[in-house]
Structure formats: structure tokens, C-alpha cells
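Student:
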Ligand code: AMP
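Residue numbers (our numbering): 8 to 381.
Written as C-alpha cells, this is what we have:
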């Protein structure tokens, strides 16, 4: 069994996964770690609680896979954790101040609890290490960019990798021959253009703020907006950061970050909710056009994550009007939620539109097993 840990600043997701039998798994989530009335006083207590819940016998664990958000340019693959890897993840904290410290805490606590198994870091950024320079480079002063590590890193890589591979399986076509746009639409959202299994473009950049409209994050903005808020509004950097992280996106547009609720309000005739959905879908449509051009030939578009798997209206609306590009959805095939992978485009469509449920914890277990046991 492989233990998978996804440690956030105040939460811990844990899964015990049997890679030879994907159905054999169990786990849970501990929320509000360290908060008053939370489920655990700190990450060590949370991990002990998870171990109790799983009935964990450290002797049964062949390996521990850890989700690590930022791997910088150093980590292009899942990596066996040792003291130097821990040091390198720590050095990357300035690039992921909200995520890497929590990931590190998870690693340190888990190494004490399961000392005899190998621990592997699986990086959210690694799948995007193949971005060509033209896509990864911001048009900024080269020396400045180098000094501060400014480039497009991309995130959700574990999901984009897993889903692009499953898309090839679903279509019965070799991964090496398939050009796919993956739309990971969850609380966070990102798009990736994948050519023959290699990522060539992605919408998140230096941080997970760039790109698509998200629950509370704005995605693409004119860089002048932050300066304008500072100069004209007197807002501090920390206040602007807070606005970008928590008070933008769907929340900023209509006060709700959960798209289910936004869609209900649109249905009831609420104009702010209607505009929020239009902005959300317009951004996705724009990225599809751009990534189609980047890929040249497009074989498949795949929706995944909470919104992509469940919201048929969103799948329909963000592909509306793309028929001239060979992109369309079949009304009946698209209807409802998609708990298993399926094709939702009409027969013989030029571009196959697919829904493939993502499974980040299983994917982390799979990547851990590939590194250690393949
Ligand atoms: P994730 O981050 O992948 O867990 O996705 C979570 C998001 O998926 C939630 O915030 C919801 O906005 C969205 N979601 C889940 N189910 C639905 C649904 N049936 N319709 C619209 N959005 C949904």
C-alpha cells in the first residue's frame, strides 16, 4: 500500500492506495488544523489522527507519496526525499509561500511516523517542466527575471498529466500522437496544452493566480491593476494580495465562489451571477482558441475537476460557437454529471470532447510507484 499525503496550511488529505487495485483505497480529510475548535492541534496531531483512522501499520506501507506544490526549475520528476531535497523545497518557499511550508511540515512529520519507508515528493509543477522557452518566459528584464526566479512554472501538473493520459486511453489512441487541451476546472482552475504527452502551454504562471477565472482568484489581469490599486486606492501589497487570493474570481464578481450556487442564482435571473458565468466561460473559450493555435492540430478537449466533471451547463457554454473549429458537444451525451470518463462530442466530430474525472491522490500514488518500483 502507498500512503498519499496532501498537506495544506490548515488541512490534511490522506489516502491509502493499492496501485495494483485502484478500487482498494481509503482515507479522509482533516480540516481546520491548529484553529480553535479544529480537528487537530497541529500537523503532527493531524497525522497521528489520520494514522488511527486508517488503522495504519507502518510495516504495511511500501512508500509515502507527498504532494509538493512548487518544485521550481530543479524538480522535473517525482523525487526520493532526503535532507538535500527537503532543503531545496525550503529554498523554494518564496515562490510558494502559502503551500511549500505546509507540504514540508507534512513531510517532516510523516518521516517520523513512517521512518522505514521511502518518501517521495510529487510536484505540481513537474509536468510543466517541458514548456518551451517561448511559453515559459515572461517578457521582462532578463537579469531581473533570473535573479528572482520569474518564469511560468504552471500548477495542477499531476492532474493534467493523469487526465491527458486517461484521455488517450478513453479514445483508444497512442498518447504520443494526441494533441489535447485539458481544462482542470475546480476551486482553482487551469488549462494545459499537451502535445504527445508533453505539456507545451499552461495558464498558471509564476503562481497559481494567472490564467482562468477561479472561485476566488481572478486569473489574467493587466499588471497595471495592482499598481493602480496601490497608487489610487492606497492599498498595501498585503491587501492587494488578499484581494487577488480570496476576494476576486467568482467571489469578486458575484459574492459566491461555489459555481453550483452561482448557476442557481443565474437560473433565478440574478444579473451579477449571469455576468460571472459569462466572464468565466469567455476566458475558457479564449484559452481554447489560443491553445488550438499553439498546438496546430487539436484532437481532444478534456474537462476535469469539480466544475469540469459536474457542470454540464459550463461545458456547453464555454464551447458554444466553436463549431467552425470542429468543436461541439452532443446535448444528450453532455447531460448531467460524469463520474466516469466519457466522450461528449457527436460521432465523427473533428475534436473529441471528453470528461475524465481527475484523481490526484491516486495519480500521486502511481507516480510514487513508478519512481520506486517500475
Ligand atoms: P474541486 O476543487 O475540484 O474539488 O472543485 C470544487 C468546485 O467544483 C466547487 O467549488 C464547485 O464550484 C464546483 N462544483 C462541484 N459540483 C458542481 C456542480 N454540480 N455544478 C457546478 N459546480 C460544481
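Every residue gets a Cβ at the ideal spot worked out from N, C-alpha and C, and that includes glycine. Note that the coordinates shown come from a computational prediction; the quantities given were computed from them, not determined experimentally.
Candidates 349, 243 and 286: which alpha carbon is nearest residue 339's?
Tutor: Ranking 349, 243 and 286 by Cα distance to residue 339 puts 349 first.
Student: Which residue or residues does DSSP assign as beta-bridge partners of residue 171?
Tutor: Its beta-bridge partners do not exist; DSSP assigns none.
Student: Could you round the C-beta distance between residue 362 and residue 316 to whole angstroms and report it? I think they count as a contact, below 8 Å.
Tutor: So it is a contact: roughly 6 Å between Cβ atoms.
Student: Identify whether residue 208 lies in helix, strand or coil by the three-state DSSP scheme.
Tutor: Strand, per DSSP.
Student: Can you say whether residue 97 is buried or exposed, counting buried as having 16 or more other CB atoms within 10 angstroms of its CB?
Tutor: Residue 97 should be labelled exposed.
Student: Starting from residue 91, trace the alpha helix (DSSP H) in both directions and tell me its first and last residue.
Tutor: 90-98 is the extent of the alpha helix (DSSP H) around residue 91.
Student: Look at the Cβ atom of residue 309, then the Cβ atom of residue 187, and state whether they are nearer than 8 Å.
Tutor: In contact: residue 309 and residue 187 (Cβ atoms closer than 8 Å).
Student: What residue does the beta strand (DSSP E) around residue 310 start on, and which one ends it?
Tutor: Counting along the chain, the beta strand (DSSP E) containing residue 310 begins and ends at 307-311.
Student: Using a Cβ-Cβ cutoff of less than 6 Å, which residues in the same chain neighbour residue 372 once the five nearest sequence positions on both sides are dropped?
Tutor: Contacts found: 9, 11, 24, 26 and 72.
Student: Suppose only complete runs of 4+ residues qualify. What are the alpha helix (DSSP H) ranges in the segment 72-137, listed by chain order?
Tutor: Those alpha helix (DSSP H) runs which fall completely within the segment 72-137 and span 4+ residues are 90-98 and 107-120.
Student: With which residues is residue 13 paired in a DSSP beta bridge?
Tutor: Note: residue 13 sits in a beta bridge opposite 20.
Student: Below 7 Å CB to CB, which residues in the same chain sit around residue 385 once its five sequence neighbours on both sides are set aside?
Tutor: Residue 385 lies beyond the range of the chain shown here (8 to 381); nothing can be said about it.
Student: Cβ of residue 224 within 7 Å of any heavy atom in the ligand AMP?
Tutor: False, no ligand heavy atom lies under 7 Å from that Cβ.
Student: Identify, in the order they occur along the chain, each residue of the same chain with its Cβ nearer than 7 Å to the Cβ of residue 135, setting aside the five sequence neighbours on each side.
Tutor: 160, 161, 164, 206 and 209, listed in sequence order.
Student: For residue 318, verify whether its CB is less than 7 Å away from any heavy atom of the ligand AMP.
Tutor: Residue 318: yes, Cβ under 7 Å from the ligand AMP.
Student: Within the segment 307-361, note down every full alpha helix (DSSP H) run reaching 4 residues or more, in order along the chain.
Tutor: The segment 307-361 contains these whole alpha helix (DSSP H) runs: 312-317, 319-326 and 338-341.
Student: Identify, in the order they occur along the chain, each residue of the same chain with its Cβ nearer than 6 Å to the Cβ of residue 324, setting aside the five sequence neighbours on each side.
Tutor: Only 288 meet the Cβ criterion.
Student: At a threshold of 7 Å, does residue 302 count as lining the ligand AMP (C-beta to nearest heavy atom)?
Tutor: No, the beta carbon of residue 302 sits no closer than 7 Å to any heavy atom of the ligand AMP.
Student: Tell me where the beta strand (DSSP E) around residue 190 begins and ends.
Tutor: From DSSP, the beta strand (DSSP E) with residue 190 extends over 186-192.
Student: Compute the minimum distance between the beta carbon of residue 392 and the heavy atoms of the ligand AMP, and state whether it is under 7 Å.
Tutor: Within the shown structure, residues of the chain are numbered from 8 to 381, placing residue 392 beyond reach of any answer.
Student: Determine the DSSP secondary structure at residue 201, reduced to helix, strand or coil.
Tutor: Residue state, collapsed to three classes: strand.
Student: Sorted by chain position, which residues of the same chain lie with C-beta nearer than 7 Å to residue 337's C-beta, five sequence neighbours on each side aside?
Tutor: Only 351, 352 and 353 meet the Cβ criterion.
Student: Consult DSSP for residue 70 and reduce its assignment to one of helix, strand or coil.
Tutor: Strand, per DSSP.
Student: Compare the Cα-Cα distances from residue 292 to each of 267, 332 and 272 and report the closest residue.
Tutor: Checking every option, the nearest Cα to that of residue 292 belongs to 332.
Student: Which partner residues does residue 37 have in the DSSP bridge list?
Tutor: Answer is 19.
Student: To the nearest angstrom, report how far apart residue 91 and residue 36 are at their CA atoms.
Tutor: Roughly 29 Å between the two C-alpha positions.
Student: Closer than 7 Å to a non-hydrogen atom of the ligand AMP - does that hold for the CB of residue 314?
Tutor: Within the cutoff, so yes.
Student: Mind checking whether the beta-carbon of residue 13 lies closer than 7 Å to any heavy atom of the ligand AMP?
Tutor: Checking the Cβ of residue 13 against the ligand AMP gives no.
Student: So what does DSSP say about residue 196, is it helix, strand or coil?
Tutor: Three-state DSSP puts residue 196 in a strand.
Student: With DSSP run on the structure shown, which of helix, strand or coil describes residue 158?
Tutor: Residue 158 falls in the coil class under three-state DSSP.
Student: Under 8 Å, with one C-beta from each stretch per pair, do the segment 142-161 and the segment 177-193 reach the 3-pair mark?
Tutor: At 8 Å Cβ cutoff, the stretches do not touch.
Student: Is there contact between the segment 79-86 and the segment 120-130, where contact requires at least three CB pairs shorter than 8 Å?
Tutor: Enough Cβ pairs lie closer than 8 Å, so yes.
Student: Can you list, in chain order, the stretches of the alpha helix (DSSP H) that have 4 or more residues and sit fully within the segment 217-265?
Tutor: Whole alpha helix (DSSP H) segments, 4+ residues: 231-240, 244-253 and 256-261.
Student: Among 198, 103 and 34, which residue has its Cα nearest to the Cα of residue 297?
Tutor: Cα-wise, what sits closest to residue 297 is 198.
Student: By DSSP, does residue 59 sit in helix, in strand, or in coil?
Tutor: Note: residue 59 maps to helix in three-state DSSP.
Student: So who's on the other strand from residue 292, going by DSSP bridges?
Tutor: In DSSP, residue 292 forms no bridge with anything.
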